[in-house]
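If you're matching them up, the sequences are chains A and B in order. Quick note on numbering: the first sequence equals residues 2 to 260 in our numbering. Quick note on numbering: the second sequence equals residues 2 to 260 in our numbering. The block underneath contains the structure these notes are about, expressed in structure tokens.
There are 2 protein chains.
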Amino acid sequence: MELSLNTATVRKQWNLAHIIDGCARHGIRGISPWRDQVSAMGLSNAASAIKANNLTVTGLCRGGFFTANDWRDDNRRAIEEAHELRAQCLVLVVGGLPPGSKDLGGARNRVKEGIAAILPEARKAGVPLAIEPLHPMQAAERACVNTLEQALDICDALGDGIGIAVDVYHVWWDPKLEAQIRRAGKRVLAYHICDWLVPTRDLLNDRGMMGDGVIDLRLIRSWVQAAGYAGFQEVEIFSERWWSRDADEVLQICKERAA
Amino acid sequence: MELSLNTATVRKQWNLAHIIDGCARHGIRGISPWRDQVSAMGLSNAASAIKANNLTVTGLCRGGFFTANDWRDDNRRAIEEAHELRAQCLVLVVGGLPPGSKDLGGARNRVKEGIAAILPEARKAGVPLAIEPLHPMQAAERACVNTLEQALDICDALGDGIGIAVDVYHVWWDPKLEAQIRRAGKRVLAYHICDWLVPTRDLLNDRGMMGDGVIDLRLIRSWVQAAGYAGFQEVEIFSERWWSRDADEVLQICKERAA
């Protein structure tokens, strides 16, 4: 699989312009930028630089957060940006519980309705939506879609133009992982890699570099490929440890470990 | 529901003898001791004190860890102790990945085989086994059974004498929670309560007191009751914060919040 760099991986060392240069310099052919970085660089500048360097945009991070108040406008803008960047998908981190709420079922209904509401615009823009189930430890704060099965049930209900992003960090533990990847088939729109460290010291920013943890990446990759996915594998590491390292060194290690 | 105290809740303040006295003093009619505390007090002393105070032993924590080397002897002893204490069940924390392993499927097979191996002895001793699915964030280190569905699939395969422990902390996020509790029916052998804090600062020891987090405890309790569970609700809070408080105060607050 070809390698893509999710820009969060070196977001504390480099801005987006530096990251685009870095990808080109290291022979990394894919990139998946975060919208705050795109915004800081300027959308058309970012699109031009990515095109000039012939990088494939494997995803735009992120749309979603359907339990926030401004979800509709924000997702509309995200779809436009994904279109402008020619992103292969818009990744949806769907949002958790609204502040003060314990109504998880209600939040999940709002998410389904929100995705249904933006899907026609995404289809019109030619931007596939990729629901990314997040680890159950993020259910309250970031995403109340927490398994591939749950995400695929939503996809089944909504039809074309929507699929899933498989991030090993979020789903590696799932007893139904192989079965649900098989079920997903061509609806796997993105494949994200990193590793689960033992011990894990922080719920958000202690992800591991591939090979430093306990995830059987080769096995999961084989399942994703068997499902028909022929895209990039995208490195996405949120880690105070790796954010403190030299970014060129980080990219070099990503390439070695993803091989 | 009547209240039971899992002894881990005040394990840093009191030894088991103190906890038994505390339960009696506060009118808490159930107790669920950990084996290290039982061992420190002496098994027959613990059994006598519990009986003298007329406490129901809602569970013994814990058997399991089938991926460790001494699993067979350790589980045999756990069953004997549960029998001696007249525990309503032996809680199984099944164990995670063996050191250095990434073979999660293999670990899960070992767990199934281990449970099958000890079940005849548990039946003979009249000790129901309760598989406790642990939160997916514990899959590597403590338990590779991570959903009620997975636990119930094991129960289905093994027949009588085995069920599940439903701990809200581990399962509250599960999109299939209501359906799987319904499926479990009378196989719900224990019901553990606490709360999920936002933010959660530690993967093990940052559980919340009921009411301080985002779990809809009334809703989940209603599902457990609808499934036919008529036992105790057992407070189990691993928390540096609550371990630093006066234990009598902790028990008083547990009673108020569980009401």
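Backbone N, C-alpha and C define an ideal beta-carbon position, used for all residues, glycine too.
Would you please state the rounded distance, in angstroms, between the beta carbons of residue i and residue j? I believe it to be under 8 Å.
i: Gly-97 (chain A); j: Cys-145 (chain A); result: 5 Å
i: Asp-207 (chain B); j: Ser-245 (chain B); result: With a Cβ gap of about 13 Å, Asp-207 (chain B) and Ser-245 (chain B) do not count as contacting.
i: Ala-228 (chain B); j: Gly-186 (chain B); result: 5 Å
i: Glu-150 (chain B); j: Lys-177 (chain B); result: 6 Å
i: Lys-103 (chain B); j: Ile-254 (chain A); result: With a Cβ gap of about 19 Å, Lys-103 (chain B) and Ile-254 (chain A) do not count as contacting.
i: Ala-25 (chain B); j: Asn-54 (chain B); result: 4 Å
i: Trp-15 (chain A); j: Gly-28 (chain A); result: The Cβ separation is near 17 Å, so there is no contact.
i: Leu-6 (chain B); j: Ala-47 (chain B); result: Incorrect: roughly 14 Å between the Cβ atoms, too far for contact.
i: Trp-174 (chain B); j: Asn-147 (chain A); result: 6 Å
With a cut-off of 7 Å, does the C-beta of residue i fall near any C-beta of chain B?
i: Pro-137 (chain A); result: yes
i: Asn-16 (chain A); result: no
i: Val-215 (chain A); result: yes
i: Trp-224 (chain A); result: no
i: Leu-159 (chain A); result: no
i: Lys-125 (chain A); result: no
i: Lys-103 (chain A); result: yes
Using C-beta distances below 7 Å, list every residue in its chain close to residue i, excluding the 5 sequence neighbours before and after it, in chain order.
i: Gly-127 (chain A); result: His-84
i: Asp-51 (chain B); result: The identity of residue 51 (chain B) in the sequence shown is Ile, whereas the question assumes Asp. Ile-21, Ile-32, Val-58, Leu-86.
i: Glu-3 (chain B); result: Arg-30, Gly-31, Phe-233
i: Leu-159 (chain B); result: Ile-116, Ala-117, Leu-120
i: Ala-88 (chain A); result: Val-58, Gly-60, Leu-61, Val-128
i: Tyr-230 (chain B); result: Val-189, Tyr-192
i: Val-94 (chain B); result: Arg-63, Gly-65, Phe-66, Glu-133, Leu-135, Arg-143, Ala-144
i: Gly-214 (chain A); result: Asp-196, Trp-197, Leu-198, Val-199
i: Arg-184 (chain B); result: Leu-153
i: Ala-141 (chain A); result: Gly-97, Leu-98
i: Arg-219 (chain B); result: none
i: Arg-258 (chain A); result: Met-210, Met-211, Gly-212
i: Ala-248 (chain B); result: Val-11, Gln-14, Trp-15, Gly-23
So with Cβ pairs under 7 Å, would you call residue i a contact of chain A?
i: Asn-147 (chain B); result: yes
i: Ala-152 (chain B); result: no
i: Val-199 (chain B); result: yes
i: Lys-113 (chain B); result: no
i: Pro-99 (chain B); result: no
i: Pro-129 (chain B); result: no
i: Glu-133 (chain B); result: no
i: Pro-176 (chain B); result: yes
i: Leu-204 (chain B); result: yes
i: Ala-259 (chain B); result: no
i: Ala-141 (chain B); result: yes
Once the 5 residues before and after residue i are set aside, which same chain residues still bring their CB inside 6 Å of it?
i: Gly-115 (chain A); result: Phe-67, Trp-72
i: Leu-204 (chain B); result: Met-138
i: Trp-266 (chain B); result: What is shown of chain B runs 2 to 260, which leaves residue 266 (chain B) out entirely.
i: Val-251 (chain B); result: Val-11, Trp-243
i: Ile-221 (chain B); result: Val-169
i: Asn-76 (chain A); result: Gly-64, Ile-119
i: Ile-238 (chain A); result: Thr-10, Cys-195, Arg-208
Apart from the five residues just before and just after residue i, which ones in its own chain have a Cβ nearer than 8 Å to its Cβ?
i: Leu-91 (chain B); result: Gly-60, Leu-61, Arg-63, Gly-64, Ala-79, Ile-80, Ala-83, Ala-123, Val-128, Pro-129, Leu-130, Ala-131
i: Lys-256 (chain B); result: Leu-4, His-27, Gly-28, Ile-29
i: Gly-101 (chain A); result: none
i: Gln-226 (chain B); result: Met-2
i: Val-39 (chain B); result: Leu-17, Ala-47, Leu-61, Glu-82, Leu-86
i: Gly-164 (chain B); result: Cys-90, Pro-129, Leu-130, Ala-131, Ile-132, Cys-156, Ala-185, Lys-187, Arg-188, Val-189, Leu-190
**Meets three-Cβ-pair contact criterion under 8 Å: the stretch 66-73 of chain A and the stretch 37-50 of chain A** = In this structure the stretch 66-73 of chain A does not lie against the stretch 37-50 of chain A, because fewer than three pairs of beta carbons, one per stretch, are closer than 8 Å.
**Message:** With a threshold of 8 Å, are at least 3 pairs of Cβ atoms found where one atom belongs to the stretch 168-183 of chain A and the other to the stretch 104-114 of chain A?
**Reply:** Cβ pair count under 8 Å is below three, so no.
**Message:** Give the list of continuous alpha helix (DSSP H) stretches no shorter than 4 residues that lie fully inside the stretch 129-208 of chain A.
**Reply:** 149-159, 169-172, 178-185
**Request:** Go through the stretch 5-38 of chain A residue by residue and report every complete run of the alpha helix (DSSP H) that reaches 4 residues or more, in order.
**Result:** 17-27
**Request:** May I have a chain-ordered list of the alpha helix (DSSP H) segments no shorter than 4 residues that lie completely inside the stretch 51-103 of chain A?
**Result:** Within the stretch 51-103 of chain A, the complete alpha helix (DSSP H) runs of at least 4 residues are 72-85.
**Request:** Report the residue ranges of all beta strand (DSSP E) runs contained in full by the stretch 231-255 of chain A; include only those spanning at least 3 residues, in chain order.
**Result:** 234-236
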